[in-house]
Amino acid sequence: MRNLRTALVTVMATGLAVTALAQVPAAAAPAPAPARPKFLSAGQLPASHTPWTAGPVRKGVPTEGSVCTSGIAPAAGTRHRDFRTELDTNARQTITVAATTAQAKKLAADLRSALETCLDRLK
330 MRNLRTALVT VMATGLAVTA LAQVPAAAAP APAPARPKFL SAGQLPASHT PWTAGPVRKG
390 VPTEGSVCTS GIAPAAGTRH RDFRTELDTN ARQTITVAAT TAQAKKLAAD LRSALETCLD
450 RLK
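In our numbering, the protein residues as written are 330 to 452.
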């Protein structure tokens, strides 16, 4: 039961930001590069009985992926950061930057579908 609870808490605490880089036509003046998505600080997480601690930002997908979304996000363009408290609570923020809007939409749809069907797959 604890593993199921931990898996569901991890899934619910996982944030994923999907950003698509806009394609600029060759004739158009170069637009400024889109701002790179930023990671939360430990102080921006919800209140807890003990303070949150933020781990380092790491490149690629986490080696211990989410039970529900493992294998969906590509390693290229993905970074993640783990957070924890002293009370065995954890969260993970994952940011994936897709090369195109179409890739970003597909990734978002795949993640949404994986989360919506997660509980049924865990039974």
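Beta carbons are placed, not taken as given, at the ideal position from N, Cα and C, and that holds for glycine.
To the nearest angstrom, how far is the alpha carbon of alanine 351 from that of threonine 429?
Since pLDDT at alanine 351 reaches only 38, below the 50 mark, its modelled position is unreliable, and no value is offered.
What did DSSP end up calling alanine 273 once you bin it into helix, strand or coil?
Residue coverage of the chain in this structure runs from 330 to 452, which leaves residue 273 outside it and unanswerable.
Own chain, CB closer than 6 Å to valine 386, minus 5 neighbours either side, in chain order:
Phe368, Arg408, Arg410
Candidates Thr398, Gly394, Gly372: closest to alanine 438 by CA position
Thr398
So which of Lys434, Thr392, Ala431 has the shortest CA-CA distance to alanine 404?
Thr392
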